[in-house]
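Numbered according to our numbering, the sequence shown spans residues 173 to 523. Here a beta-carbon is modelled for each residue, glycine too, at the ideal position from N, C-alpha and C. Since the model is a prediction, treat every value here as computed from it, not as a measurement.
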Amino acid sequence: MKAQSLSQRLNLAVVGITLATLILSLIFVAFAYGLLFQFAPKLLSAEDAILPAPIEWGMYSVCIVLGSIAASVVATRVARRMVEPLETLAEAARQIAGGDLSARAALTTPAPTEASQMIADFNAMADRLEKAVDDIVTWNSLIAHELRTPVTILKGRLQGLAEGVFLPEPALLLSLHQQADALARLVEDLRVVSLLDSGRLQLRTVEIDLASEIEGLARLVERDLDKAGFGLRMTLTSGRCVADPVRLRQAVLALVDNALKYAEPCVLEVATRVSDADVAISVIDAGPGMPESLTARAFEPFRRGDDVDMKSGSGLGLAVVRGIAEAHGGHVSYERRDGRSAFTITLPRTC
173 MKAQSLSQRL
183 NLAVVGITLA
193 TLILSLIFVA
203 FAYGLLFQFA
213 PKLLSAEDAI
223 LPAPIEWGMY
233 SVCIVLGSIA
243 ASVVATRVAR
253 RMVEPLETLA
263 EAARQIAGGD
273 LSARAALTTP
283 APTEASQMIA
293 DFNAMADRLE
303 KAVDDIVTWN
313 SLIAHELRTP
323 VTILKGRLQG
333 LAEGVFLPEP
343 ALLLSLHQQA
353 DALARLVEDL
363 RVVSLLDSGR
373 LQLRTVEIDL
383 ASEIEGLARL
393 VERDLDKAGF
403 GLRMTLTSGR
413 CVADPVRLRQ
423 AVLALVDNAL
433 KYAEPCVLEV
443 ATRVSDADVA
453 ISVIDAGPGM
463 PESLTARAFE
473 PFRRGDDVDM
483 KSGSGLGLAV
493 VRGIAEAHGG
503 HVSYERRDGR
513 SAFTITLPRT
523 C
């Protein structure tokens, strides 16, 4: 049965109370006349009298008062049912303001459509607020955990240099530089993810040739791939699209970095595909693949596998890739192809 709106209920309540007052008053008048005719007919006005007798005036007054009282009782019950959703909502709001973010407004009786919708919207808002606060607490803990390792290493080695425990050898300085570089990348990834979550990541889109962009990117990663024992194969299809080249390079570099961390040394393939509606960039490696339990949530921040080898990263790289793809109006996907792992960024040709 469809719930009535608040205005409909108010109109029906006013009409109902008015009719109830009239009907109850008439009933009381009829009952009172019956008593007078039965026990005191002489007190009634004469048949040719223009005005009612005094006792009749009193009887009318008493009947109207009794009818009004009865109608007021009905009106109070109706008003209470209409006000109950607001009281429930106010109580839940006070509890949330007091720090109990789990408080929710609940209806014990049917309510008007507007009130039911208002409570549903309030509870949805409270759910989002509770999740946001929980996410902040979780993020603070995870960020502190991720920053602790490189900061501790830097602090220990710099202290060793200051105290003469370590000599300023090139290998040590290179290690310090690598830790500082990892820290800088972590901070940048955190910044990008936070901008994406808040919808404030600004793209500077231009028309680019996809194949040329990826070819230029290959020169940046070849050295790191060689050091790690990886080869590189490019399978490029030329085509133009509108994208932010800096953010696009950042996303592809994150996928390459992900392969360096988790894949076995192999020939890493970077491929592009161009269609009338969209373009796609795939990074394909011979890694072990992600566990099925991780696949559905792999692109969320700080998501990593349980294996020791899968805990080495910050868990932000794939989240950055997903965010950049979605900021362009596209998406990122993962699949296994002939025993290989393929991450694919799909973007519309025009943002």
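Under three-state DSSP, which class holds residue i?
i    : result
K483 : Confidence at K483 is low in this model, with a pLDDT of 43, below 50, so the placement of that residue should be treated as unreliable; the coordinate-derived value is given next. Note: K483 maps to helix in three-state DSSP.
F338 : coil
E379 : strand
G407 : The sequence given here places Thr at residue 407; Gly does not occur at that position. Note: T407 maps to strand in three-state DSSP.
D450 : strand
R300 : helix
P417 : helix
R320 : helix
P282 : coil
R469 : coil
L184 : helix
G371 : coil
H500 : coil
P257 : helix
F200 : helix
A400 : coil
P226 : helix
S240 : helix
L344 : helix
H356 : Checking the sequence shown, residue 356 turns out to be Ala, not His. The answer is helix: DSSP assigns A356 an H, G or I state.
D272 : coil
Looking only at C-alpha atoms, which of the options sits nearest to residue i?
i    : options                   : result
S366 : I315, L330 and E507       : I315
A264 : R249, A298 and L326       : A298
A251 : I189, A354, E387 and A334 : I189
S288 : V255, I236, L345 and A242 : V255
D307 : S347, P473, V492 and A491 : P473
G511 : S347, C438 and L488       : C438
I291 : K303, A277, A304 and T281 : A277
K303 : E341, L261, A275 and P284 : A275
V323 : Y205, A343, Q351 and G332 : Q351
R320 : V359, D293, L333 and S347 : V359
V393 : T260, N430 and R249       : N430
N295 : S465, D398, L279 and L425 : L279
R508 : P463, F209 and L389       : P463
V492 : L301, Q422, L432 and A283 : Q422
F402 : L440, D381, P257 and V309 : L440
P257 : G271, L238, T281 and S465 : T281
S240 : G206, F209, I199 and I268 : I199
G371 : S465, D381 and H500       : H500
L326 : T310, L345 and L339       : L345
F206 : L184, P226 and M231       : Checking the displayed sequence, the identity of residue 206 turns out to be Gly instead of Phe. If we check each option's Cα against that of G206, M231 comes out closest.
Kindly identify the DSSP beta-bridge partner or partners of residue i.
i    : result
Y434 : DSSP, once it has assigned bridges, lists no residue as partnering Y434.
V528 : Look at the range of the chain in this structure, 173 to 523, and you will see that residue 528 is not part of it.
Y506 : F515
R412 : D381
P160 : In the structure as shown, the chain begins at 173 and stops at 523. Residue 160 is therefore absent and cannot be evaluated.
What is the C-beta distance between residue i and residue j, in whole angstroms, given that I count them as a contact (C-beta under 8 Å)?
i    : j    : result
S513 : G461 : 5 Å
E436 : A458 : 6 Å
A242 : A202 : 15 Å between Cβ atoms; not a contact.
V428 : I386 : Not really, about 11 Å apart at Cβ, beyond 8 Å.
Pair every Cβ in the stretch 490-498 with every Cβ in the stretch 410-428, then say whether three or more of these pairs are closer than 8 Å.
For the pair of segments examined, the stretch 490-498 was found to touch the stretch 410-428: the number of CB pairs separated by less than 8 Å reaches three.
Within the chosen definition, does the stretch 504-521 reach the stretch 439-454 through at least 3 CB pairs nearer than 8 Å?
Contact holds: three or more Cβ-Cβ distances are below 8 Å.
Per the contact definition of three or more C-beta pairs closer than 8 Å, is the stretch 437-444 in contact with the stretch 400-412?
yes
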